[in-house]
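So the structure is just underneath, and the comments pick up after that.
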Amino acid sequence: MADPHASSTSPPTAPLIGSREMPPWQIGELREAPPMSLKSWTQLIGPGLVMGGAAIGAGEWMAGPLTTAKYGGAILWLSTLSILGQVVYNLEISRYTLYSGESIFTGKFRLLPGPFFWLALYLVLDFGSVFPYIASAAATPLAAVMVGEIAQPERTYELLGTSMTGDTLLRTLRYILFIGMMTPLIFGGTVYNSLKGLISFKIVVVLGFLITVAFLYSNAETWVEILTGFVKFGSVPVMGGGDDGEPLTKNIFVSMWNGEGFPDIDSRMLAVLGALAAISGSGGLTNTAISSYTRDQGWGMGANVGVIPSMVGGEKMQLSHTGMIFLVTAESLRRFRGWYRYVLRDQLAVWMPACFVGIALPCMLSIQFLPRNTQARDWEAAALTANGLRDAAGPEWGQFMWFAMLFCGFLVLAPNITTTAENALRRWVEVSWTALPPLRRWDPHRIRYLFFGTLCAYAAFGLVSLTLWDSVRLLKWAAALYNAAMGFSCWHVLAVNLILLPRELRPNWFLRTGLLLAGVFFMGLAVISGYSIWNEVKI
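Everything in the sequence shown is counted per this note's numbering, starting at 514 for the first residue and increasing by one.
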């Protein structure tokens, strides 16, 4: 049987593979990748910068200190496996975009049984992205800066000539932050450029402060514990840990080797540990934005497809309804490998290090300033860390350090309200734009209206969620769904690249195995987290 991807002497046509309900690709030419040089290296940092900055995020600032305040660095190996699995995933979704100019989500919808089946399935899997746990958490440091202490729900505070309880203050700030941080999605020419500027500011300020604190106040033992924690594979929390000198964690492999049997795991922390792994890096379907950013950066065939414009600005910008592929020749293969090197550099030199730093620095603070086995709830671990930093800095600099720590906490959390919303909206807007026949009849520039309407619906659900539930509950629910979505998506991406891509562009066996094992890891975490949450509900 002839290869459907092969070219011939007849006029070039795109191969018809997968669901006939999706519009066929167009044929175009893959342009040459710019040569790599020291001058162009920093200018061409793209998707990894936006997603790497987002990796210094709410989950790391919440779930990281929640676990390390109690167990130290022993559990951080879960983050290592999560980040490595996501690196493989990010490389493979970008591979598809370089070939077609489409986001990986659109590629998934091209597979049988068709877009409407995948639409229903992913609406369920992606539901974790609409829980606004970040906005709920971001209100705490902002309120603390305003009133000079961690706001107590029952206490009354005077602000701008008005008396209000801490609970009212926190609730009001949650609403304001959630709506206010949607503004960058409305203005800025392209959504991608708006996010790039916001994240760049966050990286400079937050990393600058945390590195300064680490240099001035942390010790070698703290960093040894964190760095070794990333490779303590198999360490788990155990029942009775901390009582009468009992260890807080045990290593499964060491325990079995010594004949002690399988450790009695403390199931009460499984949901939080699952959350730590889920949000290490990006988490859930949030990673799929990497492929869209690869297109918006103009890499590979993305330059031929277009970008999503913002509602205000960018009037001449538009996004094509269909993707565009290139015919496989010796020359196009050489060019494809040139673009793929940019993706490799972006992931290995920017995104992956940012993810490890994003986990290590917040955890460093809690390990350094809080006693082991500290029990914390909600954003309390990070708040207690700020108090510990104030005591360590002394009377001269203590209050400034306390304020700066809380401000950085806010700066970590608030922009991630924007990136999380944008990632979820981008996925569904792009898929609907290509998969739904009524929308395919719209003029390309009208995608801005679809994006804005979806943004309004997202905001309405978020406000309801902020009214009904607290941040930790929202985090646990979101994380369980994140893990399930990521696990299934790894297997789905593998199918996309093996079916839709030409044989010459498909991943090698190392990357195929990595995607398969990553899916097993994240799906296993989803089952464990779901079991823990179910037990909490029954209790």
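Built from N, CA and C at the ideal position, the CB exists for glycine as well.
Residue i and residue j closer than 9 Å at C-beta
i	j	result
M999	Q599	yes
L591	W852	no
M694	A927	yes
L979	Y688	yes
G911	L883	no
P666	T653	no
S595	G871	no
A1031	V751	no
C1003	F1023	no
F965	I692	no
W955	I1046	no
W812	V863	no
R623	A802	no
S607	S804	yes
A648	L683	no
V737	P1015	no
Y730	A905	yes
CB-CB length for residue i against residue j, believed under 8 Å
i	j	result
M837	G614	5 Å
F743	T898	Actually they are not in contact, since the Cβ atoms of F743 and T898 sit about 20 Å apart, beyond 8 Å.
L949	P645	L949 to P645, Cβ: 26 Å. No contact.
K715	L924	6 Å
G797	A791	7 Å
S1042	A993	4 Å
G541	F839	6 Å
L638	F1001	6 Å
L963	L952	7 Å
N996	A1039	4 Å
K763	V785	Not a contact, Cβ separation roughly 18 Å.
L976	L1007	38 Å between Cβ atoms; not a contact.
E943	F728	That pair is no contact at about 43 Å.
C588	I739	One detail in the question is off: residue 588 reads as Ile in this sequence, not Cys. Not confirmed; about 11 Å, so no contact.
I530	I1012	7 Å
R656	A664	What sits at residue 656 in the sequence shown is Ala, not Arg. Confirmed, about 4 Å.
Collapsed DSSP secondary structure at residue i in the structure displayed
i	result
E773	coil
V965	Before going on, a small fix: residue 965 reads as Phe here, not Val. DSSP places F965 in helix when its eight states are reduced to three.
F691	helix
Q539	strand
P822	Because P822 carries a pLDDT of 47, less than 50, the predicted location of this residue cannot be relied on, and no value is offered for it.
M877	helix
E671	strand
M549	coil
S676	strand
I699	coil
I739	helix
A587	coil
F644	coil
E615	coil
E935	helix
G811	coil
T887	coil
Burial state of residue i, where buried means 16 or more other Cβ atoms lie within 10 Å
i	result
C921	buried
D756	exposed
Y609	buried
A546	buried
Q888	exposed
R850	exposed
S520	With a pLDDT of 47 at S520, under the threshold of 50, the predicted position of this residue should be treated as unreliable, and no value is reported.
R533	exposed
D809	buried
V820	At V820 the pLDDT is 49, less than 50, meaning the model places this residue with poor confidence; the figure from the coordinates comes in the next sentence. Looking at its Cβ environment, which holds 16 or more other Cβ atoms inside 10 Å, V820 is buried.
N1010	buried
S676	exposed
M782	buried
P628	buried
E759	exposed
M535	buried
G1027	buried
V726	buried
Cβ-heavy atom distance, residue i to the ligand SAM, below 8 Å
i	result
M865	You won't find the ligand SAM in this model; it holds no ligand whatsoever.
In DSSP terms, what residue i is bridged to
i	result
T762	P750
S595	Its beta-bridge partners do not exist; DSSP assigns none.
I838	I540
I960	DSSP lists no partner for I960.
I778	V751
Neighbour flag for residue i against chain C, beta carbons, 9 Å
i	result
Q888	Among the chains of the structure shown, chain C does not appear; only one protein chain is present.
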